[in-house]
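Q: Chains as they are written, first to last, in my numbering: chain A, 30 to 168; chain B, 16 to 551.
For every residue, glycine included, the Cβ atom is placed at its ideal position computed from N, Cα and C.
1. Please determine, among B:357, B:412, B:310 and B:542, the residue with the shortest C-alpha to C-alpha distance to residue 276 (chain B).
2. By the DSSP assignment, the beta strand (DSSP E) with residue 233 (chain B) in it spans what residues?
3. Considering just the uninterrupted stretch of the alpha helix (DSSP H) at residue 494 (chain B), what are its terminal residues?
4. Can you list, in chain order, the residues of its chain with a C-beta nearer than 8 Å to that of residue 55 (chain B)? Leave out the 5 residues immediately preceding and following it.
5. Would you call the segment 410-421 of chain B in contact with the segment 496-516 of chain B, where contact means no fewer than 3 C-beta pairs closer than 8 Å?
6. Look up residue 95 (chain A) in the DSSP assignment and say whether it is helix, strand or coil.
7. Would DSSP call residue 506 (chain B) helix, strand or coil?
8. Would you kindly report the start and end of the unbroken beta strand (DSSP E) that includes residue 149 (chain B)?
9. List the residues of chain A that residue 70 (chain B) touches, going by C-beta distances under 9 Å, in chain order.
10. Suppose you measure from the CA of residue 77 (chain A) to the CA of residue 76 (chain B); what does that come to, to the nearest Å?
11. Taking the C-alpha atoms as reference points, what is the distance between residue 426 (chain B) and residue 411 (chain B)?
12. Excluding the 5 residues preceding and the 5 following residue 30 (chain A) in the sequence, name in chain order all residues of the same chain whose CB lies nearer than 6 Å to its CB.
13. Taking Cβ-Cβ distances below 8 Å as the criterion, which residues of the segment 64-98 of chain A are in contact with chain B?
14. Tell me where the alpha helix (DSSP H) around residue 169 (chain A) begins and ends.
15. Taking only beta-carbon positions, decide if residue 84 (chain B) is within less than 9 Å of chain C.
16. Is the beta carbon of residue 134 (chain A) sitting closer than 9 Å to the one on residue 52 (chain A)?
17. Just checking my contact of residue 285 (chain B) with residue 265 (chain B) at CB under 8 Å: how many whole Å lie between their CB atoms?
18. Could you tell me if residue 95 (chain B) is buried or exposed, where buried requires 16 or more neighbouring beta carbons within 10 angstroms of its beta carbon?
19. Counting only Cβ-Cβ distances shorter than 9 Å, please list the residues of the segment 119-145 of chain B near chain A, keeping chain order.
20. Verify whether the separation of the beta carbon atoms of residue 351 (chain B) and residue 363 (chain B) is less than 9 Å.
21. Are the C-beta atoms of residue 152 (chain B) and some chain A residue less than 9 Å apart?
22. Using three-state DSSP, classify residue 345 (chain B) as helix, strand or coil.
23. I'd like to check one pair, residue 151 (chain B) with residue 102 (chain B): are the Cβ atoms closer than 9 Å?
24. Checking contacts by CB at 9 Å: is residue 46 (chain B) closer than that to chain A?
25. Can you check DSSP and say which residues form a bridge with residue 81 (chain A)?
26. Can the beta-carbon of residue 431 (chain B) be found less than 9 Å from the beta-carbon of residue 496 (chain B)?
27. What does the alpha-carbon distance come out to for the pair residue 452 (chain B) and residue 468 (chain B)?
28. Specify the secondary structure class of residue 193 (chain B) as computed by DSSP and reduced to three states.
29. Taking only the alpha-carbon atoms, compute the straight-line gap between residue 247 (chain B) and residue 240 (chain B) and give it to the nearest angstrom.
30. At what residues does the alpha helix (DSSP H) containing residue 407 (chain B) begin and finish?
31. Along the segment 57-81 of chain B, where does the CB come closer than 7 Å to a CB of chain A? Name the residues.
32. What residues in the segment 147-178 of chain B have a beta carbon less than 8 Å from any beta carbon of chain A?
33. To the nearest angstrom, how far is the alpha carbon of residue 112 (chain B) from that of residue 146 (chain B)?
34. Report the three-state DSSP secondary structure of residue 534 (chain B) (helix, strand or coil).
35. Ordered along the chain, which non-local residues of its own chain (more than five positions away) have a Cβ less than 6 Å from that of residue 212 (chain B)?
36. Flag this pair as yes or no: are the beta carbons of residue 184 (chain B) and residue 208 (chain B) separated by less than 9 Å?
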């Protein structure tokens, strides 16, 4: 037990630091044909400008409910309401729709792993080998 | 035709004011129109820029996504604005949306860089990246219409201002200037300054310029009325003086008259008219005849006296006898003529009849023998002198002098006294007068000496006839007291004046000598001084 307490404390501290300094990474299917993505490319895909990945596969961006705000803040420096208002305009014109929203990181990884054109984002520590990191977004 | 510009201050003021306001207003209107145009363009530009700002975000999204529907939405939204003529949205060189006129077909003016708006559209997510552009062409005609509308409003306001200003000026001029002046003028018309009337100051103008004007006019009227009054008083005074002098002139007993340089009678008084017996018609002042013609019948010497007065340049005078007329006695006048200024002659006429009469009486008295009433030696001398003068004037004239000496007179004086002698002398005198013609002259030149002058008689026979009558007359018995009568005789010496160098004294001496010769030859006889009719 005396050895357990410091470990628990350390675990809590880690959790806290991970929460605060969580690094989001953009992930893609390993078969998507892309190894890296520039930030601008990521923006164009997530904001609906590009319908395809640089490799020519139809792009399928997905959002993740928990990390969504942090992600857009890190990617385009905008808050969620602004992003929602942006999509609202496009919905109105019928020209596009926002990325589908996944419940958690596991579902994101599942979707990306199962679709060649899918790209999403998760906390770096949740990344599995089924997906490939193509862009890191430091906090 | 009455020109209201000349006759009405209000019309003139309004005209001038409207001209000024009109010119200034039009100038300002023009300026403001230009300004408004510029301002409107600027404002419109700003509005359009703001409009672009408004749609920029959406446009940005549209360009970012090359979303034609969204871009068209933006373009339609912009076109809702009437001042927008055309909109084109391009992204990456491709036309996303176009509304309104074709931009390439627009005139150069509309596409001028300062007029047409070109907005580069940035990416919504990276401000450094330009994703497209919006071109917006403003509607110049619409802008101008707005300017014209605004200008019309300004113009209407200006017109309204001009009208109200005009009315205001008319009101002001009429109320504050024209009406008070008209009122003053009307009062001035009705005013009778001579009874002390004054112009009333219009109410409300007491202390302003009109009040001052009225005050000044009143002062002037006062001044003039006073001058008039003084003038009138002076005139009245002069009239009184004139009448006074006129009265003195008219009622003077001295005749006064004035002749002009041509001898016309300028004026005369009543006394003058009476003296010269001017006809009544001459009393009128019109067309007075020449003075010399008026007095011609009484005074032949008038032209000569006038000429003398003019020639000598000083006062001259003459005694004039105005002969008697039926019912009017003869009168003597003393006329004094004095040259006065301008070649005029002033005449003063005095009645000297009484003076002349007493003078003549005195002269007659001095030349008269008080006892017999015959002329005395003095009277005889004068008569003789005059007759000799007449003979000298007319060489054919002759006359005869008879010297009569009474005979036996001394005895009567001695015997019967001086009273008897005097009676004899008086009777003899009457007898001698009877013996000659009325025109002949009888005088008593000594105690018992008489002289007779027979005018125009020189023939011996005629003289002798007279002498005989004289001797016969003197020889008549005279009753010297009751029951006593005396008879005297007369010795006569005759001498005829033949003219030439003979003097009166010589004639008298001749007659005297002849008389003594007759006396020496016996009483009641006569002798001629020299044979009558015999010219030596």
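A: This is what the structure gives:
1. Nearest C-alpha to residue 276 (chain B): B:357.
2. Counted as a single uninterrupted DSSP element, the stretch harbouring residue 233 (chain B) is not any beta strand (DSSP E) but the alpha helix (DSSP H) occupying residues 224-266.
3. From DSSP, residue 494 (chain B) is part of no alpha helix (DSSP H) but of the beta strand (DSSP E) over 493-496.
4. Around residue 55 (chain B): 158, 161, 162 and 165.
5. With three or more CB-CB distances shorter than 8 Å, the segment 410-421 of chain B counts as touching the segment 496-516 of chain B.
6. Annotated three-state conformation of residue 95 (chain A) is coil, per DSSP.
7. DSSP places residue 506 (chain B) in strand when its eight states are reduced to three.
8. First-last of the beta strand (DSSP E) with residue 149 (chain B): 145-153.
9. Below the 9 Å Cβ cutoff, chain A contributes no neighbours of residue 70 (chain B), its closest Cβ being approximately 11 Å away.
10. Per the coordinates, the alpha-carbon of residue 77 (chain A) lies some 10 Å from the alpha-carbon of residue 76 (chain B).
11. If you draw a straight line from the Cα of residue 426 (chain B) to the Cα of residue 411 (chain B), it comes to about 44 Å.
12. The predicted model places residue 30 (chain A) with a pLDDT of 44, which falls under 50 and marks its position as unreliable, so this point remains unresolved.
13. Taking 8 Å as the Cβ-Cβ cut-off against chain B, the residues of the segment 64-98 of chain A that qualify are 69, 72, 76, 77 and 78.
14. Absent from the structure is residue 169 (chain A), since the part of chain A shown begins at 30 and ends at 168.
15. Among the protein chains of the structure shown, namely A and B, there is no chain C.
16. For the pair residue 134 (chain A) and residue 52 (chain A), the CB atoms are not nearer than the 9 Å cut-off.
17. Contact flag correct, Cβ pair sits at about 5 Å.
18. Burial call: exposed.
19. Those would be 138, 139, 140, 141 and 144, in chain order.
20. The answer is yes: Cβ separation under 9 Å.
21. Output row for residue 152 (chain B): interface = no.
22. Coil, per DSSP.
23. In this structure, residue 151 (chain B) lies closer than 9 Å to residue 102 (chain B) by Cβ.
24. Contact with chain A is absent for residue 46 (chain B), since none of that chain's Cβ atoms lies less than 9 Å from the residue's Cβ.
25. Answer is A:87, bridged to residue 81 (chain A).
26. At a Cβ-Cβ threshold of 9 Å, residue 431 (chain B) and residue 496 (chain B) count as neighbours.
27. Their Cα atoms are separated by approximately 10 Å.
28. DSSP places residue 193 (chain B) in helix when its eight states are reduced to three.
29. Straight-line Cα distance between these residues: approximately 10 Å.
30. For residue 407 (chain B), the enclosing alpha helix (DSSP H) covers residues 392-408.
31. Per Cβ criterion, the list reads 73, 76, 79 and 80.
32. Closer than 8 Å at the C-beta level to chain A, one finds no residue of the segment 147-178 of chain B.
33. Approximately 14 Å, taken between the alpha carbons.
34. Residue 534 (chain B): helix per DSSP, three-state reduction.
35. Within the same chain, residue 212 (chain B) has close Cβ partners 206.
36. In this structure, residue 208 (chain B) does not lie closer than 9 Å to residue 184 (chain B) by Cβ.
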